[in-house]
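*Asks:* Sharing a structure below in structure tokens format, with a few things to ask.
Protein chains: 2
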Amino acid sequence: MTAVSSIEKICINRGMKMTGQRRVIAQVLSDSDDHPNVDEVYSRASGIDPKISIATVYRTVRLFEEAGILEKHDFGGGSARYEEATDDHHDHLINVKNGDVIEFHNEQIESLQRKIAEQKGLRLIGHRLELYGVPIDDDEKGQ
Amino acid sequence: MTAVSSIEKICINRGMKMTGQRRVIAQVLSDSDDHPNVDEVYSRASGIDPKISIATVYRTVRLFEEAGILEKHDFGGGSARYEEATDDHHDHLINVKNGDVIEFHNEQIESLQRKIAEQKGLRLIGHRLELYGVPIDDDEKGQ
DNA sequence: TTAACTGCAAACATTTTGCAACCGT
DNA sequence: ACGGTTGCAAAATGTTTGCAGTTAA
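Taken in sequence, the protein lines are chains E and Z.
Taking the working numbering, the leading residue of the first sequence gets 1, the next gets one more, and so forth.
Taking the working numbering, the leading residue of the second sequence gets 144, the next gets one more, and so forth.
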């Protein structure tokens with residue numbers, strides 16, 4: 001009856017002890033299309049189980065992140081934000097004129113990044129790439 | 144007599160009130176080749192004027208950043224890091240093992256970025272690229 | 001002179017942690 | 001039953017701010 005969220009399935013597969021709190025947090029995160037911060041996860045989870053504590057949310061998202069189930073993003077603005085990890089990696093192209101976010105993936109850039117890191121003696125373990133642009137059409141009339 | 148730092152010159156040009164503390168902080172930042180955080184700026188400044196307070200450092204780097212004199216970076220690791228803003232663009236490769244920051248510039252990546260934006264109908268006006276890596280040597284003995 | 005700046009300490013925001021009680025397996 | 005997990009409150013960070021005294025212009 002109780003639907004099992006996609007994240008909970010992963011947890012079960014890995015033999016994690018699934019408490020009621022973890023189930024709720026897993027469901028909240030599976031249901032989220034955005035990139036909630038801990039406070040938002042906490043309040044969504046509280047709607048399902050009002051006696052969850054925020055310390056547990058912190059501990060759980062950290063657990064999930066270390067298990068590779070979540071991705072942690074630092075978009076600035078004070079708090080870390082989370083999204084379910086998927087196997088398709090993408091970067092973001094932001095249209096600063098209207099705030100639209102376009103996801104893209106470019107293997108050539110990815111491999112150049114690895115190469116640059118290697119040249120400096122490092123193995124690439126992550127990156128952050130954000131592009132900011134304005135519509136080319138708007139360009140024709142000035143600026 | 145007292146050498147005027149490059150950042151102080153900019154401040155003077157803009158008519159900022161230059162106190163002793165601001166002069167010291169401007170000099171510390173002008174002299175820094177790395178990407179110090181506030182704590183590091185504070186301790187370097189304290190070496191020149193031991194009675195500067197860390198609150199003043201926070202206020203001053205924020206002032207400089209809002210004036211476009213400094214660039215503020217969020218490389219993770221808890222605290223914001225600063226560098227003098229220049230017109231020559233570069234990206235950052237962060238050694239997450241020790242916090243070292245290596246600057247790099249790769250025209251191939253730059254041009255790919257422009258191309259990607261164009262393909263989506265945008266003209267690139269800015270970007271943020273940060274690479275995170277660990278020393279390859281450390282890698283050999285486990286992970 | 002006086003509006004802006006500084007130092008101090010307290011306030012804040014986010015995240016982590018010690019510990020006793022609790023619960024999944 | 002046992003060891004991991006939770007809730008709570010306190011601590012740890014990093015940063016901002018209120019206020020009274022100080023200083024650059």
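Glycine is no exception: its CB is placed at the ideal position from the N, C-alpha and C atoms.
Bear in mind the structure is a predicted one, so any value in this text is a computation, not a measurement.
Can you tell me which of the three DSSP states valine 61 of chain E falls into?
*Replies:* It is helical.
*Asks:* Does any residue of chain Z have a CB that is nearer than 9 Å to the CB of glutamate 71 of chain E?
*Replies:* No, glutamate 71 of chain E lies away from the interface with chain Z (no Cβ there is under 9 Å from its Cβ).
*Asks:* With DSSP run on the structure shown, which of helix, strand or coil describes aspartate 182 of chain Z?
*Replies:* It is helical.
*Asks:* Taking the straight line between their C-alpha atoms, what separation do you get for methionine 16 of chain E and alanine 67 of chain E?
*Replies:* Answer to the nearest angstrom: the Cα atoms are 10 Å apart.
*Asks:* Spell out the partners DSSP gives lysine 194 of chain Z in its beta bridges.
*Replies:* Paired residue(s): none; lysine 194 of chain Z is not in a bridge.
*Asks:* Taking the C-alpha atoms as reference points, what is the distance between methionine 51 of chain E and glutamate 65 of chain E?
*Replies:* The sequence given here places lysine at residue 51 of chain E; methionine does not occur at that position. In a straight line, the C-alpha of lysine 51 of chain E is about 23 Å away from that of glutamate 65 of chain E.
*Asks:* Mind reading off the beta-carbon distance from glutamate 130 of chain E to isoleucine 94 of chain E? Whole number of angstroms is fine, and I expect it under 8 Å.
*Replies:* With 8 Å as the limit, glutamate 130 of chain E and isoleucine 94 of chain E qualify as a contact, their Cβ atoms being about 6 Å apart.
*Asks:* So what does DSSP say about arginine 224 of chain Z, is it helix, strand or coil?
*Replies:* Arginine 224 of chain Z falls in the strand class under three-state DSSP.
*Asks:* Taking CB distances under 9 Å as the criterion, tell me whether tyrosine 275 of chain Z reaches chain E.
*Replies:* At least one chain E Cβ lies under 9 Å of tyrosine 275 of chain Z.
*Asks:* By alpha-carbon positions, which one of E:Val28, E:Asp34, E:His127 ends up nearest to serine 43 of chain E?
*Replies:* Out of E:Val28, E:Asp34, E:His127, E:Val28 has the C-alpha closest to the C-alpha of serine 43 of chain E.
*Asks:* Have a look at the DSSP bridge pairing and note the partners of aspartate 234 of chain Z.
*Replies:* Partner(s): Z:Phe247.
*Asks:* Roughly how many angstroms lie between the CA atoms of alanine 169 of chain Z and glutamate 151 of chain Z, to the nearest whole one?
*Replies:* So the alpha carbons of these two residues sit roughly 6 Å apart.
*Asks:* Whose C-beta lies closer than 8 Å to the C-beta of isoleucine 191 of chain Z among residues of the same chain, with five residues either side of it excluded?
*Replies:* Correct list, in chain order: Val167, Gln170, Val171.
*Asks:* Distance, Cα to Cα, valine 57 of chain E vs phenylalanine 247 of chain Z?
*Replies:* Rounded to the nearest angstrom, the two C-alpha atoms are 38 Å apart.
*Asks:* Pull out every residue of the region 98 to 127 of chain E whose Cβ sits closer than 8 Å to any Cβ of chain Z, in chain order.
*Replies:* Answer in chain order: Ile102, Phe104, Asn106, Gln108, Ile109, Leu112, Gln113, Ile116, Ala117, Glu118, Lys120, Gly121, Leu122, Arg123, Leu124, Ile125, Gly126, His127.
*Asks:* With 9 Å as the threshold, decide whether the Cβ of aspartate 176 of chain Z is near any Cβ in chain E.
*Replies:* Judged by the 9 Å Cβ criterion, aspartate 176 of chain Z is not in contact with chain E.
*Asks:* Quick check: valine 147 of chain Z and valine 181 of chain Z, are their CB atoms within less than 9 Å of each other?
*Replies:* Contact flag unset, no.
*Asks:* Of all the CB atoms in chain Z, is at least one closer than 9 Å to the CB of aspartate 88 of chain E?
*Replies:* So, not an interface residue.
*Asks:* Give the interface partners of valine 204 of chain Z over in chain E, defined as CB-CB distance under 9 Å, in chain order.
*Replies:* Here the premise fails: no neighbours, minimum Cβ distance about 16 Å.
*Asks:* Hey, quick one: how far does the beta strand (DSSP E) through isoleucine 125 of chain E stretch, first residue to last?
*Replies:* 122 to 135 is the span of the beta strand (DSSP E), which, as asked, contains isoleucine 125 of chain E.
*Asks:* Quick check: what's the CA-CA separation for arginine 266 of chain Z versus glycine 121 of chain E?
*Replies:* Rounded to the nearest angstrom, the two C-alpha atoms are 34 Å apart.
*Asks:* Beta-carbon separation of valine 244 of chain Z and histidine 178 of chain Z under 9 Å?
*Replies:* Yes. Within cutoff.
*Asks:* With the cut-off set at 9 Å, would you say leucine 112 of chain E and isoleucine 252 of chain Z are in Cβ contact?
*Replies:* Cβ atoms of leucine 112 of chain E and isoleucine 252 of chain Z: closer than 9 Å.
*Asks:* Between which two residues does the beta strand (DSSP E) containing lysine 72 of chain E stretch?
*Replies:* Looking at the DSSP string, the run of the beta strand (DSSP E) that includes lysine 72 of chain E is 70 to 73.
*Asks:* For glycine 219 of chain Z, return the contacting residues in chain E, with the cut-off set at a CB-CB distance below 8 Å.
*Replies:* Within 8 Å Cβ-Cβ: Asp74.
*Asks:* From glycine 219 of chain Z to aspartate 74 of chain E, what does the alpha carbon distance come to, in whole angstroms?
*Replies:* So the two alpha carbons sit approximately 8 Å from each other.
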